[in-house]
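This note's numbering puts the first residue of the sequence shown at 115, with every later residue one more than the last.
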Amino acid sequence: MTDTLPSSYDPIEFESRLYQRWEAEGLFKPSGKGEPYSVLLPPPNVTGTLHMGHAFQHTLQDALVRYHRMRGFDTLWQMGSDHAGIATEMVVSRNLEREGKGETRDSLGREGFIGKVWEWKHHSGDTIERQMRRMGASGDWSRSVFTMDPMPATAVVEAFVRLHEEGLVYRGQRLVNWDPVLLTAISDLEVANEEEDGHLWSIAYPLSDGSGQLVVATTRPETLLGDTAVMVHPEDDRYAHLVGQTVTLPLTGRQIPVIADAYVDREFGTGVVKVTPAHDFNDYQVGLRHDLPLLNILTPTAAVIGGADCDGPELERANAAGIPQHYRGLDRYAAREAVLADLQAAGLLVEDKPHKLQVPRGDRTGQVIEPYLTDQWFVRMDELGRRGMELASGTDGDGKVRFVPGNWINTYRHWMENIQDWCISRQLWWGHRIPAWYDAAGNIFVGRDEAEVRAKHGLASDLALHRDEDVLETWFSSALWPFSTLGWPDAAAMAERGYGRFLPSSVLVTGFDIIFFWVARMIMMSDHFTGQLPFRDVYVTGLVRDKDGQKMSKSKGNILDPLDLIDGISLDDLVAKRTAGLMQPKMAEKIAGATRREFPDGIPAFGADALRFTMAALAGHGRDIKFDLGRAEGYKNFCNKLWNATRFVLMNTEGFTGPGCASLTRATDPAIPTPRTDAERWILARLEATAGEAAKHFADYRFDLLSQALYEFAWNDFCDWFVELAKPALHGDAATEEGRAAAESTRHTLLYVLERLLCLLHPLVPFVTEELWQQVAPRLGLPAGSIMVQSYPVPGQLDTADQDRAVADVEWLKAMVSAIRRVRGELNVPPSRQVTLLLADASDDDRRRAARFQASLAFLGKLERIDFPDSTEAAPAAATAVVGELKLLVPLEGLVDLGAERTRLDKELKKVEAEIAKSKGKLANETFVANAPAAVVEQERKRLADWNTQREALAAQRAKLGN
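Structure, rendered in structure tokens:
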């Protein structure tokens, strides 16, 4: 059989082949049997490509899905993608510009442009799904949902109409984040606040009665044109007598009141601030509290209103605000310079000093975002928010959504306690168009379509209606994701897609940055429309950073493409890929330089399994991920070790036929071997313990501890030790029935434990485990199929009779072999040279074990003989090691240079003395003894006793060698 398993591990050769087979055989689809288990994929943008954050979260989701599938759950991983309104419009607009045909968004018109978007989506928009396949994502692609598909589009319209009928959706004028380039409202998540160098200008506002002036400080002097008050703290005695009076607004002549509000920081500047309710979010709240006018003095493009091409209402606003003619139509920053110049000329500019400030910039355009007063559609959030608070918890078992780690519930609650009405409209063309119609008088009619609107409101067929031009923001459709993907509100679709079976889903794996924007809204919308939770658990992950802890970004040049790590990429191709599409040459040079420094020879092909194991191993709770390529290299070596161990097992089980299948949890489980040797009993006990650890770590979402447990069992217990401990039985006396039985049971145990190990590892490293399982399974009599549908090992399947003794004995054997090999290595004894082993101060257990494992010790330690020296005789000069209280002596005569052995013993004694000092220091620390668990303190005392025993044995041996 080994001729079908190549001698070297090459993941590129089989990973794509296996995935195509899995998908073709429909193995990712729900089975329809067992307890339901479902995971919602946070839908990536259709414009996107796979990045390290995706690779991280998708690995964890896939591990959960594969684990539960193997445990017999009816498993659904709901796949899909988001239409990403703003990002997609930008991509398609750029594509039109590159084509050079003179077509633009505006020249094509709404329908023509949307047609171009769909054309682009069908040809290029599914890139990330192809990349997810390369990572091994085992989701049901046949059920994949795009947020603009007819099914979710129907859900979006239904939700909007119902919310409007309930009075929870309304159209009104409020302050929003406004991008003056995209000309649309955007969410807080699309605003990046960056610290930048700026100015703080102090401006004098004369009191209207001529008795003096108030000095205010501002970083945006152009907005004074929209001021409607100045404000002081109600307990500030300096200004108490001025509250209720008015000041003359510089440059406009308007009279505005002096008001008192606790929002003012008395320690900042002069303790007086200007209030511009239509251009600052905090001022907006002040304006509402004090019933101040809202004066919007900017156009959508961030120019001062009242320019030459303004309409009637805009001109009226400019006149009402008293804006001087020479400011009208100026860009906001040109207006700033003009305002400062005029203030200087009027003697009202008191001070100009440098100032660090947080500047809000749109993450798509990089433009400074304006708080902007405009008419938008909103969802009332007071009652929905109250329910959202009630439905989330940081603990398990209370019937609410559980956050893992539990501390994230505090972030959730903080956001929910400060919730504001939700702006859901966007001034775009690509997206779910708002189902609202207007007549010529501006009356608004909401319905599922125009026919329903006319019927519901009794509108004549000849009454002209026009539909709202805006679309809903993508977070609105995403908020419905848990149930819109299951066919809601259509009863037939709901039955077909398992609405009653897969809602609530089992877990949502997501980042902390969208807890409010997405997680909270799904909780509120699912409860409101379905009466159910959207999911039971929310597992919140950290961010993936580079090895130095820096955020990955193009500007830093430290971005990594997961597919480059999987398939490898040359330096030239990597540099070209990183610099492609960057408009600024300096940025391109920076990224190219960073690439060459980090990867002088390009990136080798690690394979998907090595990348996945790296991600899982780094997924500790409550911390970001520092990704280091060195870890990926290490886990590629791990996969290679597993490959070579399998080759060893296959070579040594040639011709073995398993005793058929036994029923543990499924009919396809391998038959449990009947162990004949202690080594077999030991490895079966370790398998049992590891299966228990895996179950616990999956339940706790501790993928880091899971990876560690599986790595140690695979690398240390199976590949290193059991492979070695099996050799004496495999090469034992075939002439005796006992020898033949031991060899046969060892072959069975090698195959059985390897098969179970592959199943344990499969959720993390699906490709290599499948490829190897296909070779191992036939020898156990398992029917043809896939490891994906095998049972996942669980504790409680093995007979543990006499297990404790066997484990203790084999641990003794391991310690003995390690000690002998260490001595041989330090003495540079050639592997072909056999040595004598003397066992001094042996207990009855030591003698029993030495007799029991005589053949194994001789085989693994390359021993000529084992003797127990008479305690009355002087021991010969010998290299010494200690196992417990047993002294291992390897006579040196004719074997080594005695001077070199003296040096070795001196070095060993020094190391032991250091450990004794360290242990004594801990036990002398009163805080450690008082606060550490009793078991930990006792363990430290035992360690000290063991080190003292070793020191005595080594010192005695050193003394025998003299000087």
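Using N, Cα and C, we set each Cβ at its ideal position, and we do this for glycine too. This structure is a prediction, so every number in the text was calculated from the model and none was measured.
Scanning W926, A273, D512 and D831 for the CA closest to the CA of T644 turns up A273.
Taking every protein chain shown into account, the CB of Q439 has fewer than 16 other CB atoms within 10 angstroms, so this residue is exposed.
Annotation note: the stretch 264–295 contains the following uninterrupted beta strand (DSSP E) runs of length 3 or greater, listed N- to C-terminal: 283–293. When DSSP states are grouped into helix, strand and coil, M193 belongs to the strand group. For the 9 Å CB-CB criterion, L894 and P784 form a contact. Between the alpha carbons of P364 and I373 lies a distance of about 18 Å.
Under the three-state reduction of DSSP output, S620 falls in the strand class. Per DSSP, the unbroken alpha helix (DSSP H) holding P676 starts and ends at P676 to D681. In this chain, G480 is not harboured by any alpha helix (DSSP H), its DSSP state being neither H nor E. Ranking W232, R475, S221 and H182 by CA distance to the CA of D293 puts R475 first.
Per the coordinates, the alpha-carbon of A988 lies some 11 Å from the alpha-carbon of A954.
In the displayed model, E858 falls within a helix according to three-state DSSP. Per DSSP, the continuous alpha helix (DSSP H) segment holding R247 begins and ends at T241 to M249.
Looking only at T337, V283 and E304, the smallest Cα-Cα distance to A449 is reached by T337. Judged by pairs of C-beta atoms under 8 Å, the stretch 901–919 does not touch the stretch 735–751, as fewer than three such pairs exist. Taking 9 Å as the cut-off, the beta carbon of W595 is found no closer than this to the beta carbon of F631. With 16 or more other CB atoms across the displayed protein chains lying within 10 angstroms of its CB, H862 is buried. DSSP lists H469 as the beta-bridge partner residues of G312. In terms of Cβ geometry, T599 and L174 do not form a close pair [threshold 9 Å].
Here the C-alpha atom of D831 lies approximately 7 Å from the C-alpha atom of I797. Distances from the CA of V1026 to each of L402, E1066, L586 and P348 were compared; the closest alpha carbon is that of E1066.
Sorting P156, G140, G214 and V633 by C-alpha distance to the C-alpha of Q192 places P156 at the top.
Distance from P125 to G721 at the Cβ level is roughly 3 Å; contact confirmed, criterion being Cβ atoms closer than 8 Å. The stretch 188–204 and the stretch 135–144 touch, with three or more beta-carbon pairs separated by less than 8 Å.
Contact holds between the stretch 282–297 and the stretch 530–545, because three or more Cβ pairs, one in each stretch, are under 8 Å apart.
Of the candidates T760, Q822, D738 and I934, the residue whose Cα lies closest to the Cα of K665 is D738. Checking the DSSP bridge columns, you'll see N159 partnered with D196. Within the same chain, and ignoring the five residues on either side of A1069 in sequence, the residues whose Cβ sits closer than 7 Å to its Cβ are L1023. Counting the other CB atoms within 10 Å of its CB gives R961 a total below 16, which places it among the exposed residues.
Every unbroken stretch of the beta strand (DSSP E) spanning 3 or more residues and falling wholly within the stretch 503–533 is given here in chain order: 515–518. Secondary structure of R257 (DSSP, three-state): strand. Of the residues L868, D477 and A634, the one whose Cα lies closest to the Cα of W522 is A634.
Distance from V1004 to T950 at the Cβ level is roughly 7 Å; contact confirmed, criterion being Cβ atoms closer than 8 Å. Under the three-state reduction of DSSP output, S121 falls in the coil class, being neither helix nor strand. For Q1071, the closest alpha carbon among the candidates A267, K976 and R1016 is that of R1016. In terms of Cβ geometry, D375 and P348 form a close pair [threshold 9 Å].
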